[in-house]
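Peer 1: Those letters in the sequence shown? Residues 4 to 121, per this note's numbering, in order. If you scroll down you'll find the structure; I have some questions about it.
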Amino acid sequence: MASASDTPVLDTLAAMTIDSVEHCTMDPRTLILTRIAALVAMDAPAISYLAHIDPAIKSDFTIEQLQDVLVAVAPVVGTARVMAAAGHIAKAFGVATALAESEAESIANAEAESRKAS
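Here it is as structure tokens:
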């Protein structure tokens with residue numbers, strides 16, 4: 004029997020993602036390109052893009068490649084969906100930036116406290 008978790012939905016999504024990556028032979032960049040295209044096609048919310056920012060950065064995915072994905076899928080999914088995706092992506096980057104700034108501030112505060120205690 005599986006053990007209880009405080010985050011069963013996130014745990015399930017993480018497990019699904021790990022299984023998908025383990026069973027896929029695409030290189031990391033192609034995988035992220037494919038996933039971004041699928042998110043656009045599905046009109047995914049910002050949180051879905053947020054979950055892909057770290058893997059995109061780790062695979063050296065560029066803004067130009069992101070733009071290329073949006074241009075490539077536009078004739079298939081339509082203008083409205085691409086514009087919505089651009090908004091969701093911008094929101095996801097904003098959240099990621101805010102989280103990174105908050106983490107950096109916490110680290111700086113902890114280091115300052117550590118120096119005071121020394």
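All C-beta atoms, glycine included, are put in the ideal place defined by N, C-alpha and C.
Spatial neighbours of V98 within its chain, please: CB distance less than 6 Å, with the 5 preceding and 5 following residues excluded, ordered by chain position.
Peer 2: If we look at V98 and ignore the five residues flanking it on each side, its Cβ neighbours are L53.
Peer 1: With distances taken between CB atoms, is the gap from K94 to A49 smaller than 8 Å?
Peer 2: Taking 8 Å as the Cβ cut-off, K94 and A49 qualify as a contacting pair.
Peer 1: Please report how far the alpha carbon of M4 lies from the alpha carbon of E25, in whole angstroms.
Peer 2: Caution applies to M4, whose pLDDT of 49 falls short of 50 and renders its modelled position unreliable; the value that the coordinates give is listed next. Distance between the alpha carbons of M4 and E25 is about 24 Å.
Peer 1: Given this structure, state the Cα-to-Cα distance separating A101 from H91, to the nearest angstrom.
Peer 2: Each residue's alpha carbon lies about 15 Å from the other.
Peer 1: What is the DSSP secondary structure of P48, reduced to helix, strand or coil?
Peer 2: It is coil, neither helix nor strand.
Peer 1: Tell whether a beta-carbon distance below 8 Å holds between S51 and P31.
Peer 2: No; because the gap between Cβ atoms is not below 8 Å, this pair is not in contact.
Peer 1: Express the C-alpha separation of A115 and T82 in angstroms, rounding to a whole number.
Peer 2: If I take the Cα positions, the gap works out to 49 Å.
Peer 1: Can you give me the Cβ contacts of I39 inside the same chain, cut-off strictly under 6 Å, excluding the 5 residues immediately before and after it?
Peer 2: Cβ within range, chain order: V72.
Peer 1: Can you name, in chain order, every residue of its own chain whose Cβ lies under 6 Å from the Cβ of R84, other than the five neighbours on each side?
Peer 2: Cβ within range, chain order: D46.
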